[in-house]
Amino acid sequence: MRHRLQRRLPWIVGTIGAAVFAAGVAVLFTTDQSARSAFLLTLGVALGLAALFGGRIQLEGFEMLGAKIRVREVVKSRLELAESPGGDPAVGGAAPHRQAVVLQKLVGFYGLYEHIRRTEPPGRRRTAELDELTIAMRAVGRDAEFDPAEVIGWFHEGTDALRVIALNLMLANKDYRDFLAVLETVDAPHSLFEQFYGLLLAETMLPDLDPLQGRLLGAALERARKKPRFRRDGPLMDRSQTLLDQLRERA
Numbered sequence: 360m361r362h363r364l365q366r367r368l369p370w371i372v373g374t375i376g377a378a379v380f381a382a383g384v385a386v387l388f389t390t391d392q393s394a395r396s397a398f399l400l401t402l403g404v405a406l407g408l409a410a411l412f413g414g415r416i417q418l419e420g421f422e423m424l425g426a427k428i429r430v431r432e433v434v435k436s437r438l439e440l441a442e443s444p445g446g447d448p449a450v451g452g453a454a455p456h457r458q459a460v461v462l463q464k465l466v467g468f469y470g471l472y473e474h475i476r477r478t479e480p481p482g483r484r485r486t487a488e489l490d491e492l493t494i495a496m497r498a499v500g501r502d503a504e505f506d507p508a509e510v511i512g513w514f515h516e517g518t519d520a521l522r523v524i525a526l527n528l529m530l531a532n533k534d535y536r537d538f539l540a541v542l543e544t545v546d547a548p549h550s551l552f553e554q555f556y557g558l559l560l561a562e563t564m565l566p567d568l569d570p571l572q573g574r575l576l577g578a579a580l581e582r583a584r585k586k587p588r589f590r591r592d593g594p595l596m597d598r599s600q601t602l603l604d605q606l607r608e609r610a
């Protein structure tokens with residue numbers, strides 16, 4: 360009964376989505392309630408996407424009707440795949456299981472990061488605890504076997520905690536590195552803590568940057584160093600100055 364319901368759920372959601380979308384169209388053309396129409400149209404599209412892609416949406420931070428699809432859901436799907444008849448290690452099922460184990464650890468780090476940020480006041484103690492947590496992230500990241508696009512997506516689509524996890528996976532594994540993530544942490548970070556690890560990643564990637572990337576990074580660093588919060592943070596100023604000096608040597 361449960362499995363039949365699960366199979367039918369996408370059809371049910373899709374039908375509801377189509378009905379809501381149709382209602383939005385009707386409201387748009389028959390009334391002057393544009394805000395209500397926009398809401399119904401958006402809701403209809405969201406439900407349609409959920410029905411069509413629900414089983415494949417795996418990015419933390421994707422919001423659908425106010426509910427986030429958490430990393431734990433990815434863990435669950437990976438474990439189910441590993442434990443299925445096709446998930447026997449003898450026929451290639453070991454990799455999904457290893458991914459699930461790594462994801463379980465990352466879920467724990469995700470929770471700890473949010474807990475520390477929520478309960479500890481800003482200061483050296485909180486920074487030290489978060490720094491210690493990132494060491495564990497990188498240690499686990501060295502054993503990760505994810506598609507690079509997945510990790511990059513975690514950064515660009517994720518919450519504050521998941522962005523920090525993604526940055527540390529990039530630090531641990533060259534295959535996951537993304538220059539756009541570096542620029543975003545320098546120009547538009549979600550926190551100074553995230554920004555510091557973005558600078559660490561920039562320093563790690565520096566030898567592989569081409570001339571254009573070097574100029575873009577230098578310009579982003581110069582903009583960041585003019586911002587008051589950045590200027591008040593000694594480690595950020597020191598790290599950014601070191602990067603600028605290295606970029607000038609390369610020019």
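The opening position of the sequence shown corresponds to residue 360 in the numbering used here, with each subsequent residue numbered one higher. Even glycine gets a Cβ: it sits at the ideal position worked out from N, Cα and C.
Simplified DSSP state of residue i, which is helix, strand or coil
i	result
Leu568	coil
Asp502	coil
Ala540	helix
His549	coil
Val430	With a pLDDT of 49 at Val430, under the threshold of 50, the predicted position of this residue should be treated as unreliable, though the coordinate-derived value follows. Three-state DSSP puts Val430 in a helix.
Thr497	According to the sequence displayed, residue 497 carries Arg and not Thr. Helix, per DSSP.
Asp592	coil
Glu479	coil
Leu532	First, the amino acid is wrong: residue 532 is Asn here, not Leu. Of the three classes helix, strand and coil, the one that applies to Asn532 here is coil, per DSSP.
Ala610	coil
Gly573	helix
Lys464	helix
Thr563	helix
Arg584	coil
Gly517	coil
Anticipated Cβ contact below 8 Å, residue i with residue j, distance rounded
i	j	result
Arg536	Met564	6 Å
Leu542	Ala579	5 Å
Phe514	Arg522	5 Å
Met529	Leu560	6 Å
Leu489	Ile475	6 Å
Arg457	Glu504	6 Å
Leu576	Leu606	7 Å
Tyr472	Ala520	4 Å
Buried versus exposed call for residue i [16 or more other C-beta atoms within 10 Å across all chains shown]
i	result
Gly467	exposed
Arg598	buried
Pro448	Model confidence at Pro448 stands at a pLDDT of 43, short of 50, so the residue's coordinates are unreliable; what they give is reported in the following sentence. Pro448 is exposed by the Cβ-count criterion.
Leu547	In the sequence as displayed, the identity of residue 547 is Ala instead of Leu. That one is exposed.
Gln554	buried
Leu539	exposed
Thr518	buried
Leu571	exposed
Ile511	buried
Ala498	exposed
Thr544	buried
Arg590	exposed
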